[in-house]
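So that you can map any letter, position 83 of the sequence shown is 129 in our numbering, and since no number is skipped, the others follow by simple counting. Report on the following structure.
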Amino acid sequence: MVFIPFDSSENLIKKGLQNLKFSLFGYEFDVPGRSFLEQYAFHPYVQSLVKAILKAVSNLNTHNIQTYVYPLHPAESIKKISIPCFFIHCKNDQKVPVKAIESVYKGAAGYKRLWLTNGRHHFDSFFYNPEIYTERVQKFFSQVMSGELFNEPKEKVVEDKDDSTTAMLKKKYKKRRV
């Protein structure tokens, strides 16, 4: 089973830098040098600057944490994996869009399953409904171990039906975007 909960590292850095703004005298400004940081974020000399910015923004003590930023390309990396994969993703995830996990899913060569859950936010599939989550993960493992999975279609996408919580969240996020 492969869990890839992230978009590409370039997209994560761009999203993070797009949200970095500061206010001065009632005006909002982008962080100076944002495009430079986006372009050279993986250069060793620039990583120390990125680390300093992240430290200032998050107020984390990074002295004891080894921080290295490397390019990640999940949609490309998945092409090298041939074992069965079960992708679980929240439809309401604001950090990783559904299209990101779909691109990774499409790139997987072996038997694969994609389950789009009604989780309320990033990394919430289990907490939203632990019984169903546990049941589906155990079923996937059982099918792989017994060989039953290989008698089924190679690809399968399952999407939870929208419930009242999901409908409420969609309305809430639409209002935020407008």
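Built from N, CA and C at the ideal position, the CB exists for glycine as well. No experiment lies behind these values; they were computed from the predicted model shown.
{"Asked": "Closest residue to Ser171 among Tyr86, Gln64, Lys137, Gln189 (Cα-Cα distance)", "Found": "Lys137"}
{"Asked": "For Tyr151 and Thr163, believed in contact at Cβ under 8 Å, the rounded distance", "Found": "With a Cβ gap of about 14 Å, Thr163 and Tyr151 do not count as contacting."}
{"Asked": "For Leu162, the residue or residues it bridges with in DSSP", "Found": "His135, Glu205"}
{"Asked": "Boundaries of the alpha helix (DSSP H) in which Phe75 is found, first to last residue", "Found": "Premise fails: Phe75 lies in the beta strand (DSSP E), 73-76, not in any alpha helix (DSSP H)."}
{"Asked": "Unbroken alpha helix (DSSP H) run spanning Glu148, endpoints", "Found": "144-153"}
{"Asked": "For Leu95, the three-state DSSP class (helix, strand or coil)", "Found": "helix"}
{"Asked": "C-alpha distance - Lys207 paired with Phe82, whole-angstrom precision", "Found": "43 Å"}
{"Asked": "Unbroken alpha helix (DSSP H) run spanning Tyr174, endpoints", "Found": "171-174"}
{"Asked": "Host alpha helix (DSSP H) of Pro130 (start-end)", "Found": "Here Pro130 belongs to no alpha helix (DSSP H), and DSSP marks it neither H nor E."}
{"Asked": "Where the alpha helix (DSSP H) through Tyr86 begins and ends", "Found": "80-86"}
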